[in-house]
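Q: End of the sequence shown = 335 in the working numbering, gap-free, step of one.
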Amino acid sequence: MLIDLSGKTAIVSGSTAGIGLAIAKGLAASGAHVVVNGRHREAVDRAVAAVKAAVPDAKVTGLAADLSTEAGATDLVHAHPACDILVNNLGIYGPQDFFETPDAEWRRYFEVNVLSGVRLARLYLPGMEKNGWGRVVFISSESAFNIPADMIHYGFTKTAAVSIARGLAKRMAGTGVTVNSVLPGPTLSDGMAAMLEDEAKASGKSLEDAARDFVLANRPSSVIRRAASVEEVANMVVYTCSDQASATSGAALRVDGGVIDSL
Ligand code: NAD
73 MLIDLSGKTA
83 IVSGSTAGIG
93 LAIAKGLAAS
103 GAHVVVNGRH
113 REAVDRAVAA
123 VKAAVPDAKV
133 TGLAADLSTE
143 AGATDLVHAH
153 PACDILVNNL
163 GIYGPQDFFE
173 TPDAEWRRYF
183 EVNVLSGVRL
193 ARLYLPGMEK
203 NGWGRVVFIS
213 SESAFNIPAD
223 MIHYGFTKTA
233 AVSIARGLAK
243 RMAGTGVTVN
253 SVLPGPTLSD
263 GMAAMLEDEA
273 KASGKSLEDA
283 ARDFVLANRP
293 SSVIRRAASV
303 EEVANMVVYT
313 CSDQASATSG
323 AALRVDGGVI
333 DSL
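(1) Please name the residue in Ala-115, Phe-228 and Thr-173 whose C-alpha comes closest to that of Ser-213.
(2) When burial is assigned at 16 or more other CB atoms within 10 Å of the CB, is Ser-215 buried or exposed?
(3) Given that a residue counts as buried once 16 or more other Cβ atoms are within 10 Å of its Cβ, and exposed if not, what is His-112?
(4) On the CB-based measure, 16 or more other CB atoms within 10 Å of its CB, does His-105 come out buried or exposed?
(5) In this structure, how does DSSP classify Asn-160 when only helix, strand and coil are distinguished?
(6) For the alpha helix (DSSP H) containing Phe-286, name the first residue and the last one.
(7) CB-CB under 6 Å to Tyr-181, same chain, minus the five flanking residues each way: which ones, in chain order?
(8) With distances taken Cα to Cα, identify the nearest neighbour of Tyr-165 among Thr-312, Val-123, Ile-236 and Gly-90.
(9) Please classify Ala-100 as buried or exposed, where buried requires at least 16 other C-beta atoms within 10 Å of its C-beta.
(10) Consider the C-beta atom of Ala-89 and the heavy atoms of the ligand NAD; say whether any pair is separated by less than 7 Å.
(11) CB of Ile-211 to nearest heavy atom of the ligand NAD: below 7 Å?
(12) Using DSSP with H/G/I as helix, E/B as strand and the rest coil, what is His-112?
(13) Can you grab the Cα-Cα spacing for the pair Ser-140 / Glu-183, in whole Å?
(14) Rounded to whole angstroms, what's the CA-CA distance from Leu-197 to Ile-236? Just pull it up for me.
(15) Across the segment 292 to 304 and the segment 241 to 261, are there enough close Cβ pairs to call them in contact, namely three or more that are closer than 8 Å?
(16) For Val-331, write down the residues that DSSP places opposite it in a beta bridge.
(17) Answer with buried or exposed for Leu-335, where buried requires no fewer than 16 other C-beta atoms within 10 angstroms of its C-beta.
(18) Going by the CB atoms, is the gap between Leu-77 and Val-107 shorter than 8 Å?
(19) For the ligand MN, is there a heavy atom less than 7 Å away from the beta-carbon of Met-223?
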């Protein structure tokens, strides 16, 4: 299968690192004009350079904006009034006990992980509908279904992403626009590497070994018995954004290494 996205514009939120950057590279490699995004100009410039290094003829533009805010979304729409592909990748995570998680933190997780994607979908879906073609992907997580007891404030945002994608798919029924959620499992992204860095240093393990041990200890239902790479997750997203995926809408697509233990 040859995925050709030339002529399409793709926006990937939170794509200066990790899974988002890998998605940006994957979409660029398939010919899309990709807009990478992060909050800080320098990180955005570095990400643009990284996409160009990975894909020499890449069409890539950067936009520094905090997409968890209305002002950030407005900046994005001013710079890029339309897109064909929207990947709502932006997301934060980290363990915190339920009894120590104040209202402000619940609100922050809602704003960054949920409302950012809702807002961008509301802004870009009408243009896609008018064109009769569009792809929206919400990056959820296996934590949408396996709510981690130490990350309830995160898990609920990822369940929300599955719910919103399913509802939007129905709302866009018959328009040529598909909306799906993609559920990665533990993935060795920059964010996960930062989480494991101290432990890896203290134990003398490589990051890959620390990630594998994290998976075995914390996600024992993993079938692949290791963390996924960011590229493995990006491959699923690029396919979901392709022409070839036209009969897939409203789906919760797992790239979780088998962590979710259900049929
Ligand atoms: P990461 O921390 O490696 O990268 C996150 C990116 O988002 C960075 O580029 C960061 O600068 C950017 N960012 C953060 N806040 C921002 C904001 N307000 N505005 C714009 N950009 C912002 O993250 P990751 O591990 O690659 O995760 C990406 C997505 O995948 C998230 O939605 C996460 O929940 C999901 N996910 C990750 C894993 C995993 O194990 N890594 C597993 C399941 C799901």
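Glycine residues also receive a C-beta, built at the ideal position from the N, C-alpha and C atoms.
A: Considering the structure as presented:
(1) Reading the sequence shown from its first residue, position 141 is the one you call residue 213. With distances taken between Cα atoms, Ser-213 lies closest to Phe-228.
(2) Position 143 of the sequence shown, counted from the start, is the residue given in the question as residue 215. That one is buried.
(3) To locate residue 112, count along the sequence shown from 1; it is residue 40. His-112 is exposed by the Cβ-count criterion.
(4) Within the sequence shown, the letter at position 33 stands for residue 105. A buried status is given to His-105, since no fewer than 16 other beta-carbon atoms sit within 10 Å of its beta-carbon.
(5) Along the sequence shown, one-based indexing puts residue 160 at 88. Asn-160 falls in the strand class under three-state DSSP.
(6) The residue labelled residue 286 in the question sits at position 214 within the sequence shown. Unbroken alpha helix (DSSP H) run through Phe-286: 279 to 290.
(7) Counting from 1 along the sequence shown, the entry for residue 181 is found at position 109. Excluding positions up to five away in sequence, the list reads His-225 and Thr-229.
(8) Taking the sequence shown and counting its residues from 1, the one referred to as residue 165 is at position 93. That would be Gly-90, whose Cα lies nearest to the Cα of Tyr-165.
(9) In the sequence shown, the residue the question calls residue 100 occupies position 28. By the neighbour-count rule (16 or more Cβ atoms within 10 Å), Ala-100 is buried.
(10) For the purposes of this step, residue 89 is identified with residue 17 of the sequence shown, where counting begins at 1. At least one heavy atom of the ligand NAD is nearer than 7 Å to the Cβ of Ala-89, so yes.
(11) In the sequence shown, the residue the question calls residue 211 occupies position 139. It does: the Cβ of Ile-211 is within 7 Å (strictly closer) of some heavy atom of the ligand NAD.
(12) Along the sequence shown, one-based indexing puts residue 112 at 40. His-112 falls in the coil class under three-state DSSP.
(13) Position 68 of the sequence shown, counting from 1, holds the residue named residue 140. Position 111 of the sequence shown, counting from 1, holds the residue named residue 183. Roughly 6 Å between the two C-alpha positions.
(14) Here residue 197 refers to the residue found at position 125 of the sequence shown. Here residue 236 refers to the residue found at position 164 of the sequence shown. If I take the Cα positions, the gap works out to 13 Å.
(15) Contact between the segment 292 to 304 and the segment 241 to 261 is present, because at least three Cβ pairs lie under 8 Å.
(16) For this step, residue 331 is matched to residue 259 along the sequence shown. Bridge pairing for Val-331: absent [DSSP].
(17) As a position in the sequence shown, residue 335 is number 263, starting the count at 1. Burial check for Leu-335: the Cβ neighbour count within 10 Å stays below 16, so the residue is exposed.
(18) Residue numbering aside, residue 107 sits at position 35 when the sequence shown is read from its first letter. Residue numbering aside, residue 77 sits at position 5 when the sequence shown is read from its first letter. Note that the C-beta distance between Val-107 and Leu-77 is not below 8 Å.
(19) The model depicted lacks the ligand MN and carries the ligand NAD instead.
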